[in-house]
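Here this note's numbering is used: the first residue of the sequence shown is 62, the next is one more, and so on.
In this text, a Cβ means the ideal position worked out from N, Cα and C, and glycines have one as well.
So the structure is just underneath, and the comments pick up after that.
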Amino acid sequence: METQPGSLHSIVEKYLPVLGPFEDRYRDIHQHPELGRLEKRTSEIAAYHLRQFGYNTLTNIGGYGVVGILENGVGPTVLLRADMDALPIREQTGLHYASTVEAIDTDGERKPVMHACGHDMHTTSLMGASTLLANAKGKWKGTLICLFQPDEEHGTGAQAMINDDLYGKIPKPNIVLGQHLTNSKTGVVLIRPGSCMASADTFKVTVFGRGAHAAQPQDSIDPILLAASIIVRLQSVVAREIGPEDVASVSCATIHGGKAHNVIPYEVELTLNIRTFDPAVREKVIEAVKRIIKGEAITSGAEKEPKIELLGSFPPTINSTPESLKLRQSFISFFGEERTWEAGRHTASEDFTNLATAIGVPSIFWNFGGVDEEKWKKFEAEKDPKIISGSHQEDYAPVVQPTLRTAIEALSVAALTFLKVD
Ligand SMILES: [Zn+2]
Ligand SMILES: [Zn+2]
Numbered sequence: 062m063e064t065q066p067g068s069l070h071s072i073v074e075k076y077l078p079v080l081g082p083f084e085d086r087y088r089d090i091h092q093h094p095e096l097g098r099l100e101k102r103t104s105e106i107a108a109y110h111l112r113q114f115g116y117n118t119l120t121n122i123g124g125y126g127v128v129g130i131l132e133n134g135v136g137p138t139v140l141l142r143a144d145m146d147a148l149p150i151r152e153q154t155g156l157h158y159a160s161t162v163e164a165i166d167t168d169g170e171r172k173p174v175m176h177a178c179g180h181d182m183h184t185t186s187l188m189g190a191s192t193l194l195a196n197a198k199g200k201w202k203g204t205l206i207c208l209f210q211p212d213e214e215h216g217t218g219a220q221a222m223i224n225d226d227l228y229g230k231i232p233k234p235n236i237v238l239g240q241h242l243t244n245s246k247t248g249v250v251l252i253r254p255g256s257c258m259a260s261a262d263t264f265k266v267t268v269f270g271r272g273a274h275a276a277q278p279q280d281s282i283d284p285i286l287l288a289a290s291i292i293v294r295l296q297s298v299v300a301r302e303i304g305p306e307d308v309a310s311v312s313c314a315t316i317h318g319g320k321a322h323n324v325i326p327y328e329v330e331l332t333l334n335i336r337t338f339d340p341a342v343r344e345k346v347i348e349a350v351k352r353i354i355k356g357e358a359i360t361s362g363a364e365k366e367p368k369i370e371l372l373g374s375f376p377p378t379i380n381s382t383p384e385s386l387k388l389r390q391s392f393i394s395f396f397g398e399e400r401t402w403e404a405g406r407h408t409a410s411e412d413f414t415n416l417a418t419a420i421g422v423p424s425i426f427w428n429f430g431g432v433d434e435e436k437w438k439k440f441e442a443e444k445d446p447k448i449i450s451g452s453h454q455e456d457y458a459p460v461v462q463p464t465l466r467t468a469i470e471a472l473s474v475a476a477l478t479f480l481k482v483d
């Protein structure tokens, strides 16, 4: 698996495809976003592209998952992953290719749809890298797998592909590689060995009280007051139960209760989102959260115990150390020190790692920046986070270039680092 950085550099430079069509494709996917588990159009675009470039292409794995396999002689097998799904957000970027799409989600509700997490950039850059590496086939040996994953935002797409016998259908990779757009300067890649993203656990909590006329609160056990007490008290978990050296976050992300202005309802539903890096901290936080919910229900005099259901979990993202140090070296030799930054540790989460842990192989997940250079300069000078809008926001608008080019190059450099290059 040894490669010379010099030859790798020249391969990526020489075979970089003409970028115009990929920029158009990026804008097209941005304008036609699809929610998780509904990525039909995007997956068809990816599959069509892979077939054009000679990849043995499999579709509809774990939903709309697509895999392209390029067998190219004896050598290591490398898997590159991109995610395809968008978010239920109404786009407010004002871009000429902004989305106006609305769609019926899998829960039956009509929602606005927007690529507010950069998955459109991930998909397009993997299409670009698959082109580059297919055209450069004479320069490397091994097997390349390009995987387009559905449904990352719900945290279930990678597992759905694995459950659908992904690794019975494709050669087992020696390493799994992926990347995510981030709020840094465009043209920059960011990488760190070891722990880089948090685990996430989402719970649906239903608390039960006793309904009554709003004018007769004495007849009720008010579940809204109960829910409010829970939400306030949950803030003490991170502040009072976790050591200052540990990292955790506990958020109440949704609250639903009541339908009329003059009725105290019977129940209130909350969703809670918990992020941690350390498994022991994770266990402690979850225990404390459950204790508080149950304790507050008792304090309110609730007659029925709250229902606490786990809706989903993301694994922690941990980069295999020797492999990520090697990749960082490749990035430095390709992009230079000034464009290869040390990534921070993020409390955001990803289901990417499942693709590697399912088969016990190393994985690396890195970031690339998408913030316009002028904006970045202003942000560095003024340190005001409002200058650069983050992902999952309605005005999230990464600049197309040199973001897309950097993303295609980073994927190609990474693949060639672990394939066999003479
Ligand atoms: Zn996201
Ligand atoms: Zn994302």
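Ligand 2 heavy atom lying under 6 angstroms from the CB of C313
no
In its own chain, which residues sit with a C-beta less than 8 angstroms from the C-beta of I303, not counting the 5 before and 5 after it?
A309, V342, K345, V346
Distance between D339 and S186 (C-alpha atoms, nearest Å)
32 angstroms
Locate the alpha helix (DSSP H) running through T315, then write down its first and last residues.
Premise fails: T315 lies in the beta strand (DSSP E), 309 to 318, not in any alpha helix (DSSP H).
Assign S297 to one of two classes, buried (16 or more other C-beta atoms within 10 Å of its C-beta) or exposed (fewer than that).
exposed
Let's see if you can read the secondary structure: which residues bound the alpha helix (DSSP H) around P82?
81 to 92
Is E214 near ligand 1, going by C-beta to nearest heavy atom under 6 angstroms?
yes
Supposed contact pair L80 and L465 - C-beta distance, whole angstroms, cut 8 angstroms
7 angstroms
Using the rule of at least 16 other Cβ atoms within 10 Å of the residue's Cβ for burial, across every protein chain shown, is V432 buried or exposed?
buried
Give me the residue from G134, G136, V135, Y116 with the minimum Cα distance to V127.
Y116
3-residue-minimum beta strand (DSSP E) runs that sit fully inside the segment 137 to 188, ordered along the chain:
138 to 144, 163 to 165, 171 to 173
Could you work out which residue in Q390, V266, V299, R151 is closest to Y53 when comparing CA atoms only?
With the chain covering only 62 through 483, there is no way to say anything about residue 53.
Within the present structure, is the beta-carbon of C178 separated from the nearest heavy atom of ligand 1 by less than 6 angstroms?
yes
I want to know whether the segment 318 to 326 touches the segment 275 to 283 - three or more CB-CB distances under 8 angstroms.
yes
Is it right to say Y125 is buried, meaning 16 or more other beta carbons lie within 10 angstroms of its own, or is it exposed?
buried
Rounded to a whole number of angstroms, what is the C-alpha to C-alpha distance between K484 and A476?
Missing from the structure shown is residue 484; the chain here goes from 62 to 483 and no further.
Boundaries of the beta strand (DSSP E) in which L333 is found, first to last residue
328 to 337
How should Y228 be labelled, buried or exposed, when 16 other C-beta atoms within 10 angstroms of its C-beta is the threshold for buried?
exposed
If you reduce the DSSP assignment to three classes, tell me which class D280 lands in.
helix
Taking its Cβ as the centre, do 16 or more other Cβ atoms sit within 10 Å of V293, making it buried, or is it exposed?
exposed
CB-CB under 8 angstroms to D166, same chain, minus the five flanking residues each way: which ones, in chain order?
L96, L99, P149, K172
For Q390, three-class secondary structure by DSSP:
helix
May I ask which residues mark the beginning and end of the beta strand (DSSP E) holding Q113?
From DSSP, Q113 is part of no beta strand (DSSP E) but of the alpha helix (DSSP H) over 101 to 113.
Decide if the segment 436 to 444 is in contact with the segment 213 to 232; the criterion is three or more beta carbon pairs, one per stretch, under 8 angstroms apart.
no
So, does the segment 253 to 265 touch the segment 368 to 378, judging by three or more C-beta pairs under 8 angstroms?
yes
Tell me F264's beta-bridge partners as DSSP assigns them.
L333, L371
How about F413 and V250: are their beta carbons less than 7 angstroms apart?
no
Those residues which DSSP pairs with C484 across a bridge:
As displayed, the chain neither begins before 62 nor continues past 483, which places residue 484 out of reach and without an answer.
For I223, which option in N121, A275, R389, K198 has the closest C-alpha, if you only look at C-alpha atoms?
N121
Would you identify the three-state DSSP class for N196, choosing helix, strand or coil?
helix
Which of the three DSSP states, helix, strand or coil, is assigned to Q210?
strand
A261 and F484 - do their beta-carbons sit closer together than 7 angstroms?
There is simply no residue 484 to check, as the chain begins at 62 and stops at 483 in what is shown.
C-beta atoms of Y76 and A197 nearer than 7 angstroms:
yes
From D181, A164, L287, E348, pick the residue whose C-alpha is nearest to that of V311; which is it?
E348
On a Cα-Cα basis, can you pick out the residue from S71, G203, K246 that is closest to V135?
G203
Give the straight-line distance between the Cα atoms of Q153 and H453, rounded to the nearest whole angstrom.
12 angstroms
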